[in-house]
Amino acid sequence: MSTTTDGPGGENELGGGSGRGRVTGAVAVRAIAVRAVPKSEHTADELEDACWPRESTGAVAVPVLRLALADGVSDSYLAGAWAREIVRAFGTRAPVSATIDAGEFTEVLQRLCAAWQPRLRRYVRVERENRDLPWWEKRKLSSGSAATVLAVCVHGDGTWTAAALGDTCVFHLRDRRVLRAFPLEDARRFDSAPDTVGSVGVADWAALGRRVRLHRGTWSPGDTFVLASDALAEWALRTGSPWRELDAVVDAETDGPGGPGEPDGRGTFSRWVAGLRTTGAMRDDDVCAVRLTLE
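237 is the number that my numbering gives to position 237 of the sequence shown; each next residue is one higher, with no gaps.
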């Protein structure tokens, strides 16, 4: 299934050839599962979380695997579109190095902000030709878009690096045991005002860079990485050992029509999220998950 409607997914997004088996100096991927559910009473088109890759995929071997997840701030303008641009930038255009630093991270965001403004002006011009913009939309235009950002690179030399701004998390697992939760490790640290990057008004990029969290670790064959937006990440940290349950609902979902990215929301993952929301176990927010399983 696809969590967005624009552009292709799959093998091209990962940037390498397909096929099982380990290749020296390569990341051998068994599968990547992508799952997403919008807020209650919202459609898939209104989803403001975005991830890279955008679609589930099977076995592939690549020198470096790039993953990203961004959570658009709901009350900002074109939050979902901004989140999609962010993950695309880190998935396709971000520099690849043995380490990732705050300067590299913010440089990608700075270039993205510069490119976003002319695109936004063109969008507004077309919209104004077809309708009158309401006052609240004009006000949001001036404040721009905002999103949390998580970028993860898994390298063929057995290392992985991550950079985060905000509360979108990655969990590194081995045999369903958490080796590392990043950037948050405690459910009590989630709040209503995480760090974000805005499309306008970033007056001090150096100051933004100081808020970026960085991590470098090592991985082994058979490990799993789960990227999760805040509602799912908070639930996982509060639950403590949710991974068998999460694996079951992710694996039960089919990557096709009726999946969690479809407007009807009848997929197994969607029903599972809806149940947790009903009991109050999970906040009613957009949910996005990317599960990477290594060979």
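Don't be surprised by glycine CBs; every beta carbon is placed ideally from N, CA and C.
Can you give me the start and stop residues for the alpha helix (DSSP H) that Ala114 sits inside?
102-130
Please say whether Leu69 and Leu246 have beta carbons closer to each other than 9 Å?
no
Contact belief for Ala79 with Ser145 at Cβ below 8 Å, rounded distance in angstroms
6 Å
Going along the chain, which residues of its own chain have a beta-carbon closer than 6 Å to the beta-carbon of Ile100, five neighbours each way excluded?
Apart from the 5 residues on each side of it in sequence, Ile100 sits with its Cβ closer than 6 Å to the Cβ of Thr161, Ala163 in its chain, given in chain order.
Nearest candidate by alpha-carbon position, reference Thr293, set Thr218, Arg283, Arg174, Cys169:
Of the candidates Thr218, Arg283, Arg174, Cys169, the one whose C-alpha sits nearest the C-alpha of Thr293 is Arg174.
Close-in-space but distant-in-sequence residues of the same chain around Gly58 (CB under 6 Å, 5 per side omitted):
Ala31
Counting only runs of 4+ residues fully inside the region 158-216, write out the alpha helix (DSSP H) ranges in chain order.
205-210
Starting from Gly91, trace the beta strand (DSSP E) in both directions and tell me its first and last residue.
Taken as a continuous stretch (DSSP letters only), Gly91 belongs to no beta strand (DSSP E), as it is neither H nor E.
Candidates Ala102, Asp157, Gln110: which alpha carbon is nearest Ala28's?
Asp157
Candidates Arg238, Gly198, Gly267, Asp167: which alpha carbon is nearest Asp230's?
Looking at the Cα atoms, Asp167 is the closest of the given residues.
Residue interval of the beta strand (DSSP E) (run including Ala289):
Bounds of the beta strand (DSSP E) holding Ala289 are 287-294.
Where Val250 and Cys153 are concerned, what is the direct C-alpha to C-alpha distance, given to the nearest angstrom?
One C-alpha to the other measures close to 22 Å.
Between the C-alpha atoms of Asp132 and Glu107, what's the straight-line distance to the nearest angstrom?
36 Å
Beta-bridge pairing of Phe225 - partner residues as DSSP gives them
His172, Leu292
From the DSSP output, read off the bridge partner residues of Val62.
Val27
Going by DSSP in three states, Ala281 sits in which element: helix, strand or coil?
Three-state result, Ala281: coil.
Contacts around Ala147, its chain only, beta-carbon distance under 7 Å, and the 5 residues preceding and following it disregarded:
Ala70, Asp71, Gly72, Val73, Ala79, Trp82, Ala83, Ile86, Thr196, Val197
Closest Cα partner of Lys140 within the set Leu150, Val149, Leu120, Glu129:
The alpha carbon of Lys140 has as its nearest neighbour, out of Leu150, Val149, Leu120, Glu129, the alpha carbon of Leu120.
Selection from Asp45, Ala102, Ala236, Ser76 that minimises the alpha carbon distance to Leu208
Ala102
C-alpha distance - Asn130 paired with Lys138, whole-angstrom precision:
Going from the Cα of Asn130 to the Cα of Lys138 covers about 15 Å.
From Cys51 to Leu67, what does the alpha carbon distance come to, in whole angstroms?
Taking the straight line joining both Cα atoms gives about 8 Å.
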